[in-house]
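In mature numbering (1 follows the signal peptide of the UniProt record, and there is no 0), the protein residues as written are -25 to -1, 1 to 593.
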C-alpha cells in the first residue's frame, strides 16, 4: 500500500535569537492560517520542533510545545485534515454506521500471511487523518493497571519517571470528565469516583446519552461469570466488570479526539503550522559529532512528486504510531544494520530493536440473534444527537483464575515457557535479552496479580448482540520491517499471531466463558440463539479452529520502538530519545515495552503529556 508515512504533521517551536528572526518571518509569512496542503509553503523553512505525525500523540505535542509564542512548531501529516467530512469523525456511532475504515482516512494496512491463522492476512486499520486513530477508533476510554505501568517503568530503567503516579497525572491532565445522564446512570447502576479523573483537560470523557437492555444484562451476568463489578477502574485497578467511559464531549455529544481537543482550540497560533497530505520519507542527520543530530526531514506528497526539506532548530519528534514510527526510523538509517544494508540504506545508528517486539490484542467475536431487535439499537446514524452518541463500552477484564480452574498450573506453564520464548526468536542477542526480561515481568508480576490476560466486551450493533474476547498480554512477538528504500511502500507487518500456543489457549478458554455467560440469566433472556460460531463448535479443537479462521486485531498495536535500555534491545531511553542521537525522539504507543491491558487512547494521551513536559524541561 502506498502513502505510508503521511502521518507527519509539522509544527515547529523555536525560541528565537536575533539571527533566527528572519527565518521565523519566512515561516509566518506564507499564510496567517496554521494549516496548508501545499508542501512548498514549508519547504526550506526552519522550526524549533518538527513533529512527524498529526495523530493522537502528535497533536498533544503540537499544542503543548507551541504554548510559548516564541517557539515555532511544525506538524507534517500524511493524511487529510478531515474537516470536509467532519460528521464522519465527530458523530460517535458514525464509527459503526459511517465508518472511516477502508476510506482515504485509513492507512488500510494488512498483515503478512499469518502461519498460525490459516495463512490469512488480517486487516489493520489505522487513522490517516488529523487525529490519527483517535479520529476513527471505537471511543473506549479505559486506563491500564498500576501493576503493568510500574512493570513498564522498571523495564525502562526504573527511574520512576514512568511509574503509576506520574503516569496517572499525565492521563488526568488530558481528561475532561463529566458524569452520566441520570437515566443511563440509573439503568446501568453506574458507580464511579470523580476524583480519579481529570476535569480540565482537552479530551472529554463521559458515558453515551442512551443505552440498551442487553448491555445492562451483560454487566449483571458478567459480574458472576467473569469478574466482580469494579466501582473505580480508573485509579490503578482495571480488573473486573464495568461500563467504561467513552471519549465523548458531553456538551455536544460528539467524539472528543486529538484534533478537536488539542489542535482546533489553538489553530490560530501563528507559531504553529500544520501540513497535511505529505509523507515524511526520512530524517536528515548531521553525523559530525559523537551522536547523530537530526537537522530536519524530507517529505513529499507522493512518490513521483517533489521532495521537500524542512529544517529543525531543536528537535525532530516522530509520532507515527507502532507501524509508521519504526518505518521512518528504518528509512532514515536507524535500525538493524544487517536489514538496512540489505536494502542499500546507509546505517546511521545500529539499533536492532527498531521494529521488533510488535504486540497486538488479537481478538474475535461471538454473535447472537436478539429476542427483540429493538433492544440491539439502531442500524444506521439516526440524526438524533443523543441516540447517535451510543457506542459500546461494556467490558470485563477477566483474571487467569476465572479462565482456568487450576490457575497455578497454567502459571507454571507460562513461567516455564517464558524462559524459553525469547531464546527461540530469530532476533539479536540484545533484543532477546529485553524480551526475556519482559516475559519474566509478565509471568512473575503481571499474571500473578489481578491484571487481566483477557478483555471481554459486550456489544449491540447492526441489529445484533455480539460478545468479543481480546487477548491483552500476548506472548507472541512480531515485527515491522521496511521492504524497500521507498517511503511510500508499505512495510511488512507481521504480528506473528498465535506463534505461542498459550495465546490461543487463553483465548479459547475465554470464549468458553463467553458461551457460559450467554446461556445464563439475565443475559440469556436477551438472546434468541447463537449465530456465530454456532453450536457445532464444542471441543477444544473446534474452538481453536474457529479462532484461527476468524481472529483479527483489536486495533492496539504497540511496542515497536521499545523504551528499554540499549543493551536490552531498546530504541528510546526514558526521555524518549532515540539511542545514538542527540535530538530525535519517538512519542507514541510504539514505546511501551509491553502491551497494556486497556484501549490505548488513554495511554497515548498520558504518554504525550509527560513527553511534552520532558521536552520543555518541566
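Glycine included, each C-beta is placed from N, C-alpha and C at the ideal position.
How would you label residue 234, buried or exposed, when you count the other beta carbons within 10 angstroms and need 16 or more for buried? buried
What does DSSP give as the partner residue(s) for residue 343 in the beta ladder? 440, 505
State buried or exposed for residue 456, treating a residue as buried only when at least 16 other CB atoms are found within 10 Å of its CB. buried
For residue 329 versus residue 546, is the C-beta spacing smaller than 9 Å? yes
Just reading off the beta strand (DSSP E) that residue 274 is part of, what are its end residues? 268 to 275
On the three-pair Cβ rule with 8 Å, is the region 25 to 36 touching the region 103 to 110? yes
Take residue 298 as the anchor and find which of 444, 311, 331 has the nearest alpha-carbon. 331
Return helix, strand or coil for residue 225, following the three-state DSSP convention. coil
Return the first residue and the last residue of the alpha helix (DSSP H) that residue 34 is part of. 31 to 40
Assess contact between the region 436 to 450 and the region 346 to 360, defined as three or more Cβ pairs (one per stretch) separated by less than 8 Å. Is contact present? yes
Per DSSP, cross-strand counterpart(s) of residue 99: 84
Rounding to the nearest angstrom, what Cα-Cα distance links residue 521 and residue 85 in this structure? 21 Å
What did DSSP end up calling residue 447 once you bin it into helix, strand or coil? coil
If we require 3 or more residues per run, which beta strand (DSSP E) segments fall completely within the region 335 to 418? 337 to 345, 369 to 373
DSSP state of residue 656 mapped onto helix, strand, coil: No information on residue 656 is available, as it lies outside the stretch -25 to 593 that the chain covers here.
Between the alpha carbons of residue 155 and residue 397, how many angstroms are there, rounded? 46 Å
Option in 75, 49, 475 with minimal Cα separation from residue 58: 75
C-alpha gap between residue 63 and residue 125, whole angstroms: 37 Å
Cut-off 6 Å between Cβ atoms - residues of its own chain near residue 136, not counting five sequence neighbours on either side: 549
Below 8 Å CB to CB, which residues in the same chain sit around residue 387 once its five sequence neighbours on both sides are set aside? none
In angstroms with no decimal places, state the Cα-to-Cα distance between residue 114 and residue 141. 24 Å
Is the CB-CB distance between residue 73 and residue 289 below 9 Å? no
Can you name, in chain order, every residue of its own chain whose Cβ lies under 6 Å from the Cβ of residue 367, other than the five neighbours on each side? 434
In this structure, does DSSP put residue 678 in helix, strand or coil? With the chain running from -25 to 593 in the structure shown, residue 678 is simply not present.
Could you tell me the distance, in whole angstroms, from the CA atom of residue 634 to the CA atom of residue 358? Shown here, the chain extends from -25 to 593; a query on residue 634 therefore has no answer.
If I measure Cβ to Cβ from residue 98 and keep anything under 7 Å in the same chain, skipping five residues before and after, which residues do I get? 85, 527
Touch check for the region 314 to 326 and the region 464 to 475: three-plus C-beta pairs under 8 Å? no
Given a cut-off of 9 Å on the beta-carbon distance, is the pair residue 443 and residue 432 in contact? yes
What does DSSP give as the partner residues of residue 617 in its beta bridges? Outside the displayed range of the chain (-25 to 593) lies residue 617, so it cannot be described from this structure.
At least 3 beta-carbon pairs within less than 8 Å: the region 362 to 376 vs the region 174 to 189: yes
Residue environment, residue 413, which counts as buried when at least 16 other CB atoms sit within 10 Å: buried
Quick check on residue 256: buried or exposed, where buried means 16 or more other Cβ atoms within 10 Å of its Cβ? buried
What are the residues that DSSP puts in a beta bridge with residue 220? 116
Own chain residues within Cβ distance below 6 Å of residue 565, not counting five before or after: 297, 300, 535, 536
My understanding is that residue 429 touches residue 509, with C-beta atoms under 8 Å, so please give their C-beta distance in whole angstroms. The Cβ separation is near 22 Å, so there is no contact.
Residue 380 versus residue 581: straight-line alpha-carbon distance, rounded: 36 Å
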